[in-house]
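2 protein chains.
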Amino acid sequence: MKIIQNISAELLKADIKPSWQRIKIYEFLLNNNIHPTVDTVYKKLAKEIPTLSKTTVYNTLKLFEEHHLIKNVNIEENEIRYDAQNHIHGHFKCTQCGKIFDFKYNYKDLKYKGLDDFILNQTDVMIKGICKSCKEKNKSN
Amino acid sequence: MKIIQNISAELLKADIKPSWQRIKIYEFLLNNNIHPTVDTVYKKLAKEIPTLSKTTVYNTLKLFEEHHLIKNVNIEENEIRYDAQNHIHGHFKCTQCGKIFDFKYNYKDLKYKGLDDFILNQTDVMIKGICKSCKEKNKSN
DNA sequence: TTTCATAAATGTAATGATTACAAAATTAAA
DNA sequence: TTTAATTTTGTAATCATTACATTTATGAAA
Ligand SMILES: [Mn+2]
Ligand SMILES: [Mn+2]
Ligand SMILES: [Zn+2]
Ligand SMILES: [Zn+2]
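Just so you know, the protein sequences line up as chains E and L, in that order.
Residue numbers for the first sequence follow my numbering, so the first one is 19 and each next one is one higher.
Residue numbers for the second sequence follow my numbering, so the first one is 19 and each next one is one higher.
This is the structure we're talking about:
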C-alpha cells in the first residue's frame, strides 16, 4: 500500500501531472493487481469519486500507457486490461473463471528464428488454460 | 496452393460441412498467410463471391476456430486476426507498417514459475517492434 | 484578490467492430 | 416433389472506445 506522496512522485517522474483522479486511478492499479478493464476501474472508483467520468478513466489509462507507466494486457479479444507491474512477466488467463494470473518465465533463454535485423521492443507471453482452483473444483464434482 | 478437393477433405476432417463459402474462406487463409481480419477476408472474397455476407465471414471464422481448424491472433487491441498455420510459432507486429510476421522460437525450453498445478492449453508469444524493411527505410532518410 | 490562460475532467454523441436475429436460400432426406 | 434441416444473408442491436464541446480546476500575472 503506497502512500499518496509516493504515488504523486511517481506520476511526476513519468511526466504526468498528479491530479486527484490520476492519483486515485494509479493507486487503484498499484493496490489491486487484478489487471482490470476500464469498466472495473471506473466502477470501483466511482464509489469514492461520485463525479468520476468514464472518459477520464479511458483518457488517464491511455495517458499512463503512453508514458510507459503501465502496460495493457491484451489476452482476450474485446477487452483491454491494464497492469501497473513493471517487471517482466507473462499472463495466464483461466478460461473457466476468467481470472488473470501473473507468472515468471526464463525470458533470457528465449531464442527467435525469423526476426534477424528486426527491432524487438516488447515481448508478451500469454497462456490460456484452467487455473489450480478451478481444476480442483472440477475434480470434486 | 491446395486444390479444392483437399480443402473440402480437411473441413470434413474437422467436422465442418464444406459449403462453397467455407471452402473459399479456408482456401483464402491457407493461400494468404497474412493473418487477416474479418474485414480483409470479406473484402477480398466479395470480389469473387458478390453475394457474400460479412456475417458469414464472422460465423465461418468463429466456426473454424471452435473446431480448432484455425487460431485467432490477438496481438493488437481492437482487431482480431486469424491464422490457418497450425505449427507452433510466435507473432511479431511491426508498429510502423502494421504487418504481422511469423517466427519460430524454442518453446521446449520455456519454463514457468507460478503456474504449478495449472492446466496449460494454449501459449502465445507476441512481440512488437520494427521490421527489417521499415528499419532500413528509416535509415535512408 | 481579481483576471486571465491553460490544463484536466465531464457528459453526450459518434464510431466501429461484433453479435443477435429473422427471413431467404440452399441442401439433404423422405 | 415435399419436407425438414442447415446455411447464408441483411438488418438491427449491442457494447467498447473515441471525438468533441462544455464545464471545472489550477496557477500565474496583474
Ligand atoms: Mn501482470
Ligand atoms: Mn502465424
Ligand atoms: Zn479459474
Ligand atoms: Zn514494418
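C-beta atoms are modelled at their ideal positions from N, C-alpha and C, and glycine is treated no differently.
For residue i, the nearest candidate out of the options (CA to CA)
{"i": "serine 37 of chain L", "options": "L:His53, L:Ile67, L:Val56 and L:Pro54", "result": "L:Ile67"}
{"i": "valine 75 of chain L", "options": "L:Glu95, L:Val91, L:His86 and L:Pro54", "result": "L:Pro54"}
{"i": "isoleucine 118 of chain E", "options": "E:Leu48, E:Ile52, E:Lys31 and E:Arg40", "result": "E:Ile52"}
{"i": "phenylalanine 136 of chain L", "options": "E:Leu29, E:Lys155, E:Thr141 and E:Leu138", "result": "E:Lys155"}
{"i": "threonine 141 of chain E", "options": "E:Ala32, E:Leu47 and E:Leu128", "result": "E:Leu128"}
{"i": "leucine 81 of chain L", "options": "L:Ile148, L:Ile41 and L:Tyr130", "result": "L:Ile41"}
{"i": "glycine 116 of chain E", "options": "E:Lys150, E:Gly132, E:Leu30 and E:Lys65", "result": "E:Lys150"}
{"i": "phenylalanine 121 of chain E", "options": "L:Cys112, L:Gly132 and L:Lys157", "result": "L:Gly132"}
{"i": "asparagine 77 of chain E", "options": "E:Lys153, E:Ile34 and E:His105", "result": "E:Ile34"}
{"i": "leucine 29 of chain E", "options": "E:His85, E:Lys62 and E:Thr58", "result": "E:His85"}
{"i": "asparagine 104 of chain E", "options": "E:Glu95, E:Lys126 and E:Glu83", "result": "E:Glu83"}
{"i": "tyrosine 125 of chain E", "options": "E:Ile106, E:Lys153, E:Asp134 and E:Leu138", "result": "E:Ile106"}
{"i": "isoleucine 43 of chain L", "options": "L:Gln23, L:Ala27 and L:Leu79", "result": "L:Leu79"}
Contact test: residue i Cβ vs ligand 3 heavy atom, cutoff 7 Å
{"i": "serine 158 of chain E", "result": "no"}
{"i": "lysine 146 of chain E", "result": "no"}
{"i": "cysteine 152 of chain E", "result": "yes"}
{"i": "glutamine 114 of chain E", "result": "yes"}
Beta-carbon neighbours of residue i, restricted to chain E and to distances below 9 Å
{"i": "aspartate 101 of chain L", "result": "By Cβ distance, chain E contributes nothing, its closest Cβ being about 14 Å from aspartate 101 of chain L, past 9 Å."}
{"i": "lysine 153 of chain L", "result": "Asp135, Phe136 and Ile137"}
Residue i: CB within 7 Å of a non-hydrogen atom of ligand 2
{"i": "aspartate 142 of chain E", "result": "no"}
{"i": "valine 101 of chain E", "result": "Checking the sequence, you will find aspartate at residue 101 of chain E rather than valine. Answer for aspartate 101 of chain E: no, Cβ out of range of ligand 2."}
{"i": "aspartate 135 of chain L", "result": "no"}
{"i": "histidine 109 of chain E", "result": "no"}
{"i": "aspartate 120 of chain L", "result": "yes"}
{"i": "histidine 53 of chain E", "result": "no"}
Neighbourhood of residue i by C-beta distance below 6 Å, restricted to the same chain and skipping five residues each side
{"i": "glutamate 16 of chain E", "result": "Beyond the ends of chain E as shown, which are 19 and 159, falls residue 16 of chain E; an answer cannot be given."}
{"i": "glycine 87 of chain E", "result": "What sits at residue 87 of chain E in the sequence shown is leucine, not glycine. The answer, listed in chain order, is Ala32."}
{"i": "methionine 144 of chain E", "result": "Ile93 and His109"}
{"i": "alanine 64 of chain L", "result": "Leu70"}
{"i": "lysine 146 of chain L", "result": "Lys111 and Thr113"}
{"i": "valine 91 of chain E", "result": "His53, Arg99, Asp101 and His109"}
{"i": "lysine 157 of chain E", "result": "none"}
{"i": "tyrosine 60 of chain E", "result": "Lys72 and Val75"}
{"i": "lysine 89 of chain L", "result": "Asp101"}
Any non-hydrogen atom of ligand 5 within 7 Å of residue i CB
{"i": "histidine 86 of chain L", "result": "Ligand 5 is not part of the structure shown, which contains ligand 1, ligand 2, ligand 3 and ligand 4 as its ligands."}
Other residues of its chain near residue i: CB distance less than 7 Å, five sequence neighbours each side excluded
{"i": "serine 71 of chain L", "result": "none"}
{"i": "asparagine 50 of chain L", "result": "none"}
{"i": "lysine 62 of chain L", "result": "Phe46"}
{"i": "tyrosine 123 of chain L", "result": "Gly108 and Val143"}
{"i": "asparagine 159 of chain E", "result": "none"}
Beta-carbon proximity list for residue i, same chain, < 8 Å, skipping 5 on both sides
{"i": "glutamate 97 of chain E", "result": "Thr55"}
{"i": "isoleucine 148 of chain L", "result": "Cys112, Thr113, Gln114 and Asn156"}
{"i": "aspartate 57 of chain E", "result": "Lys72"}
{"i": "cysteine 152 of chain L", "result": "Cys112, Gln114 and Cys115"}
Check: residue i C-beta below 7 Å from any heavy atom of ligand 4
{"i": "lysine 117 of chain L", "result": "yes"}
{"i": "cysteine 149 of chain E", "result": "no"}
Under 8 Å by beta carbon: chain E residues contacting residue i
{"i": "lysine 122 of chain L", "result": "Tyr130, Lys131 and Gly132"}
{"i": "alanine 35 of chain L", "result": "A small fix is needed here, since residue 35 of chain L is lysine in this sequence, not alanine. Simply none; closest approach about 26 Å."}
{"i": "lysine 150 of chain L", "result": "Asp134, Asp135 and Phe136"}
Chain-ordered neighbours of residue i on chain L, where CB pairs are closer than 9 Å
{"i": "phenylalanine 119 of chain E", "result": "Gly132, Leu133 and Phe136"}
{"i": "valine 75 of chain E", "result": "In chain order: nothing, as chain L lies at least about 16 Å away."}
Interface residues of chain E facing residue i [CB-CB closer than 7 Å]
{"i": "glutamate 95 of chain L", "result": "Asn90, Asn92 and Ile98"}
{"i": "asparagine 139 of chain L", "result": "Lys146 and Gly147"}
Under 8 Å by beta carbon: chain L residues contacting residue i
{"i": "lysine 72 of chain E", "result": "Here the premise fails: no neighbours, minimum Cβ distance about 17 Å."}
{"i": "valine 59 of chain E", "result": "Within 8 Å Cβ-Cβ: nothing; valine 59 of chain E doesn't reach chain L, min ~16 Å."}
{"i": "lysine 42 of chain E", "result": "What lysine 42 of chain E touches in chain L: nothing, since even the nearest Cβ is about 24 Å away."}
Contact set between residue i and chain L, taken where Cβ atoms lie within less than 7 Å
{"i": "phenylalanine 110 of chain E", "result": "Leu133 and Phe136"}
{"i": "valine 56 of chain E", "result": "What valine 56 of chain E touches in chain L: nothing, since even the nearest Cβ is about 11 Å away."}
Completely contained alpha helix (DSSP H) runs for the region 46-129 of chain E, where each covers 4 or more residues:
Runs of the alpha helix (DSSP H) inside the region 46-129 of chain E: 56-66 and 72-84.
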